[in-house]
Each structure stands twice: as C-alpha cells, then as structure tokens.
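Since the structure comes first, as structure tokens, the remarks are kept for the end.
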Amino acid sequence: MHFAGAASIPLFWLSLAQLAGDSRLNFPCLMSCAALAAWRWGWKGAVAGGMAFLGLRAAAGAPAPVLSTEALGTALSLAAALAARRSGPAGSAAAGSLTALAALLL
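The sequence shown runs 162 to 267 under this note's numbering.
Below you can see the structure in the form of structure tokens.
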C-alpha cells in the first residue's frame with residue numbers, strides 16, 4: 162500500500178471516533194499520523210510528531226498526570242511505528258495506531 166492508501170488509517174480512526182462519540186479514539190488517529198511522519202523521516206519524524214501531539218494536548222489544558230500517561234503511550238506507539246518502518250507506510254501507521262489503542266485500554 163502506498164502513502165495515499167496508508168492515509169486511510171487515520172481517517173478510519175477519526176470516523177470511528179465520530180461515530181462512537183468517544184474522543185479517546187482520536188489518540189490512535191493522531192498516533193497513526195505521527196507514525197506516518199516516523200515512517201517518512203525516521204526518528205526525527207517520530208520526535209516531531211510526538212512533540213506536536215503532546216504540545217497540542219498541553220495547549221488544550223490537559224493536566225500533568227494525563228500528559229505523563231499520554232507521553233508514555235506516545236513513546237510506545239512511535240517506537241512500534243519505527244520498528245515496523247520496513248513494512249511500509251501502512252504497516253507503520255497500523256503499528257502506531259494499534260499500539261495507541263492498546264495503551265488506551267491499559
């Protein structure tokens with residue numbers, strides 16, 4: 162699957178979040194976007210994607226305990242995306258978003 166096809170993974174999570182009315186499902190959506198940056202630019206893209214997400218969460222007023230938990234989930238998701246980098250953009254985005262979903266469930 163090419164990059165354009167891999168972009169359907171964040172759209173899936175965004176649609177699911179809207180249909181379910183559960184904003185927590187935005188986390189896998191955003192982590193799949195950050196995972197695509199990690200696939201394209203390696204660890205530099207992973208750091209940029211993770212910092213962008215955490216910066217936006219801090220600007221939105223998330224409390225410190227929530228930010229620390231989300232930082233751990235972000236690090237795990239992007240590490241999974243980097244580990245799956247050789248499988249292409251879809252594999253990297255899927256690994257990042259599914260790890261984010263697992264982090265939500267824990």
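Where a beta carbon is used, it is the ideal one built from N, C-alpha and C, also for glycine.
None of these values were measured; they are calculated from a predicted model.
Worksheet item: Between which two residues does the alpha helix (DSSP H) containing Pro-189 stretch?
Response: 187 to 202
Worksheet item: Given that a residue counts as buried once 16 or more other Cβ atoms are within 10 Å of its Cβ, and exposed if not, what is Phe-185?
Response: Looking at the sequence shown, residue 185 is not Phe but Arg. Classification of Arg-185: exposed, given that the 10 Å Cβ count is below 16.
Discussion item. Starting from Gly-234, trace the alpha helix (DSSP H) in both directions and tell me its first and last residue.
Written reply: 225 to 244
Worksheet item: Just checking my contact of Trp-200 with Ser-253 at CB under 8 Å: how many whole Å lie between their CB atoms?
Response: 4 Å
Worksheet item: In chain order, what residues of the same chain lie with their CB nearer than 7 Å to the CB of Ala-264, ignoring the 5 residues before and after it?
Response: Here Ala-264 has Gly-234, Leu-237, Ser-238 as same chain residues with Cβ atoms under 7 Å from its own Cβ, once five neighbours each way along the sequence are excluded.
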